[in-house]
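Have a look at the structure below before the remarks.
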């Protein structure tokens with residue numbers, strides 16, 4: 001890693017219904033993140049947490065079918081602005097969430113710095129809903145769709161109107177809870193998806209090699225969006241929408257190590273750590289482990 005890592009917390013919590021995910025950034029830090037990076041001789045600067053106003057309700061808007069749209073947009077605009085500043089300094093952005101809606105701001109902030117940005121979406125969910133297809137109205141389940149230019153205009157127009165990433169530059173890994181509308185979205189746009197069935201059939205090593213090769217020839221930067229619910233909840237109990245049957249700790253660590261070896265990543269975010277749902281900060285510790293693997297930590 002040649003560039004300094006610029007760490008920032010993005011504590012949005014109102015794009016999903018559980019209190020506590022705004023505490024995720026500090027929980028990951030408390031789990032020893034700085035010490036781990038120091039041990040890898042990685043140069044980093046922690047810029048602290050973005051000031052997010054998490055004031056909203058769990059009521060859907062009758063016109064949009066969305067919850068807390070204005071507040072989520074305002075928070076993500078702040079994230080986008082901060083990411084642009086971090087990139088302008090030449091830093092490698094490492095964003096600590098916060099719920100997965102923060103990806104809208106992160107990817108929007110990265111948008112102007114790459115002609116063809118790629119995204120690896122490591123998640124139990126596809127997050128490809130819109131107000132028209134979402135069963136819940138929770139915007140954290142719409143963040144990839146918004147980044148692809150689909151959904152409410154206020155979500156898709158942060159840092160400029162339109163898509164910030166293309167479907168053919170997107171790879172979803174670990175999906176095992178996909179809504180019907182999301183299935184149609186994937187088929188219509190030809191998004192590359194590795195479900196848990198693919199991981200079980202091919203093995204994580206093959207999946208990561210294919211994903212890396214797929215993006216390497218198409219993009220000039222790759223953002224990793226790692227939702228801790230992408231990992232099996234046996235290892236990450238402290239998250240709001242756990243789905244059983246996910247990749248193991250070992251498989252996920254291997255996936256992160258493969259990304260480090262490829263040197264394909266240009267930014268990383270880790271989301272959905274909720275200390276109020278956790279067991280002795282176990283999920284934050286796993287998140288710190290995976291971040292360490294992304295930046296070069298090995299078993300030996």
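In UniProt numbering, the protein residues as written are 1 to 300. A virtual CB, placed ideally from N, CA and C, is assigned to each residue, including glycine.
- As the crow flies, the alpha-carbon of residue 228 is around 31 angstroms from that of residue 62.
- Cβ contact annotation for residue 84 (same chain, cutoff 6 angstroms, sequence separation greater than five): 109, in chain order.
- Taking 9 angstroms as the cut-off, the beta carbon of residue 129 is found no closer than this to the beta carbon of residue 105.
- Distance from the CA of residue 238 to the CA of residue 245, rounded to the nearest whole angstrom, comes to 16 angstroms.
- A straight line joining the alpha-carbon of residue 148 with that of residue 235 spans about 30 angstroms.
- If you draw a straight line from the Cα of residue 272 to the Cα of residue 193, it is about 21 angstroms long.
- Taken through DSSP and simplified to helix, strand or coil, residue 265 comes out as strand.
- Counting only the Cα atoms, residue 212 lies some 7 angstroms from residue 262.
- Residue burial is scored here from C-beta neighbours: residue 207 has at least 16 other C-beta atoms within 10 angstroms and is therefore classed as buried.
- For secondary structure counted as the beta strand (DSSP E) over 3 or more consecutive residues, the region 27-90 holds these complete runs in sequence order: 44-49.
- The three-state reading of DSSP puts residue 127 in coil, since its state is none of H, G, I, E or B.
- Apart from sequence neighbours up to five positions away, the residues of its chain that approach residue 146 with a beta-carbon distance below 7 angstroms are 104, 155, 156, ordered along the chain.
- A residue is called buried when at least 16 other Cβ atoms come within 10 angstroms of its Cβ; residue 135 does not meet this threshold and is exposed.
- Residue 94 places its beta carbon less than 9 angstroms from that of residue 8.
- Between residue 123 and the set 267, 99, 288, the nearest pair of CA atoms involves 99.
- Under the three-state reduction of DSSP output, residue 253 falls in the helix class.
- According to the DSSP assignment, residue 213 belongs to the alpha helix (DSSP H) that extends over 204-216.
- According to the DSSP assignment, residue 15 belongs to no alpha helix (DSSP H), since it is labelled neither H nor E.
- Straight through space, the alpha carbons of residue 233 and residue 71 are spaced by roughly 29 angstroms.
- With respect to the 9 angstroms criterion, residue 57 and residue 45 are not classified as neighbours on the basis of their beta carbons.
- When 254, 5, 292, 266 are compared, the shortest CA-CA separation from residue 114 is found for 266.
- Put simply, the backbone Cα of residue 50 is about 14 angstroms away from that of residue 101.
- DSSP places residue 122 in the uninterrupted beta strand (DSSP E) bounded by 117-122.
- In this structure, residue 255 places its C-beta atom within 9 angstroms of the C-beta atom of residue 173.
- Residue 215 is positioned such that its CB atom lies closer than 9 angstroms to that of residue 120.
- Per the DSSP secondary-structure output, residue 195 pairs in a beta bridge with 175.
- Setting aside the 5 residues that flank it on each side, residue 132 is surrounded in the same chain by 65, 181, each with a C-beta closer than 8 angstroms to its C-beta; the list follows chain order.
- With at least 16 other beta carbons inside 10 angstroms of its own, residue 176 counts as buried.
- Judged by DSSP secondary structure, residue 154 falls within the alpha helix (DSSP H) whose first and last residues are 153-156.
- For residue 167, the three-state secondary structure derived from DSSP is helix.
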